[in-house]
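In what follows, a structure is listed as structure tokens, so that the remarks can point back to it.
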Amino acid sequence: FTPASLSASLYYTLHSTVVIAGLFLLVELMASQRGEARDKLQPAVALREPLLLGLMMIFGAASAAGLPPLPGFLGKLMVLESSSGLPAQAWVWTVVLMVGFFSIVGLARAGVVVFWHVQPEQDGAVTSGASLKLLSAVWAIMLMTVAMAVLASPIKRYTDATASQLADPAAYVRAVLGPERATTPTMRTYDGVRPAPVVKPQEERP
Numbered sequence: 036f037t038p039a040s041l042s043a044s045l046y047y048t049l050h051s052t053v054v055i056a057g058l059f060l061l062v063e064l065m066a067s068q069r070g071e072a073r074d075k076l077q078p079a080v081a082l083r084e085p086l087l088l089g090l091m092m093i094f095g096a097a098s099a100a101g102l103p104p105l106p107g108f109l110g111k112l113m114v115l116e117s118s119s120g121l122p123a124q125a126w127v128w129t130v131v132l133m134v135g136f137f138s139i140v141g142l143a144r145a146g147v148v149v150f151w152h153v154q155p156e157q158d159g160a161v162t163s164g165a166s167l168k169l170l171s172a173v174w175a176i177m178l179m180t181v182a183m184a185v186l187a188s189p190i191k192r193y194t195d196a197t198a199s200q201l202a203d204p205a206a207y208v209r210a211v212l213g214p215e216r217a218t219t220p221t222m223r224t225y226d227g228v229r230p231a232p233v234v235k236p237q238e239e240r241p
């Protein structure tokens, strides 16, 4: 790994964590309106707010798949750019692009089942509208996603600094142990073997 690839991975990890959290909350919103089917990927009754939840689904799917101009696209672009010249460049490009393609296909199929394959509502079926708390949380995550795209440059500077520190463990050791202990000759990389205990000789009593 190079500092550039670590920085790109950190940015993409931050983005994917936020987006996947939003999708989980969105699934809970949909499940509360699908009767007994809940979060199962099967035909169910129509959603009470199909337009609102549909737009949220499109936004979340586009973010997860890494479509421009959302931060997922910027993160993937950083990963692809950081792999230039590396021996594994072809593998990195293949994996990143294929994952994006399959994400689009999978989320699109899920959206078709949830929004288009609907059944008549049965008598006695209990469904509820969107929870205001969950809606607020999803909106907040969507705003965070947009902010990550707008503030990509300062976030990238932060991940660059973090990657530089990860690539220089000696600086971390000096910061934690101090310069004197960090340069002690007895300091070495832990190899999994515990050192033998030091037995102090017993003092002879007069």
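In terms of the working numbering, the sequence shown opens at residue 36 and continues consecutively. By construction, the Cβ of each residue, glycine as well, lies at the ideal position given by its N, Cα and C atoms.
CB of residue i within 8 Å of CB of residue j, strictly
{"i": "Leu41", "j": "Ala202", "result": "yes"}
{"i": "Ala56", "j": "Ile139", "result": "no"}
{"i": "Gly146", "j": "Ala96", "result": "yes"}
{"i": "Val29", "j": "Gly89", "result": "Any property of residue 29 remains undetermined from this structure, which presents the chain solely from 36 to 241."}
{"i": "Leu105", "j": "Thr180", "result": "yes"}
{"i": "Tyr46", "j": "Gly110", "result": "yes"}
{"i": "Glu63", "j": "Leu169", "result": "yes"}
{"i": "His50", "j": "Gly107", "result": "yes"}
{"i": "Val153", "j": "Pro78", "result": "yes"}
{"i": "Leu76", "j": "Met65", "result": "no"}
Rounded C-alpha distance that separates residue i from residue j
{"i": "Pro85", "j": "Ser44", "result": "35 Å"}
{"i": "Arg192", "j": "Ser171", "result": "30 Å"}
{"i": "Val185", "j": "Val173", "result": "19 Å"}
{"i": "Ala125", "j": "Leu167", "result": "46 Å"}
{"i": "Leu212", "j": "Val54", "result": "38 Å"}
{"i": "Gln200", "j": "Ile190", "result": "16 Å"}
{"i": "Val148", "j": "Ala100", "result": "19 Å"}
{"i": "Leu115", "j": "Leu60", "result": "30 Å"}
{"i": "Thr52", "j": "Ala187", "result": "16 Å"}
{"i": "Gln68", "j": "Ile93", "result": "18 Å"}
{"i": "Leu87", "j": "Met113", "result": "32 Å"}
{"i": "Phe150", "j": "Asp195", "result": "41 Å"}
{"i": "Met36", "j": "Ala198", "result": "A small correction: the amino acid at residue 36 is Phe; Met does not occupy that position in the sequence shown. Between Phe36 and Ala198, the C-alpha separation is close to 10 Å."}
Nearest-angstrom Cβ-Cβ length linking residue i and residue j, presumed shorter than 8 Å
{"i": "Trp128", "j": "Ser118", "result": "7 Å"}
8 Å Cβ cutoff, residue i in contact with chain C
{"i": "Leu90", "result": "In the structure shown, chain C cannot be found, because there is only a single protein chain."}
- Item | Length-filtered (4 minimum) alpha helix (DSSP H) runs lying within the region 179 to 203 | Fully enclosed alpha helix (DSSP H) runs of 4 or longer: 187 to 201.
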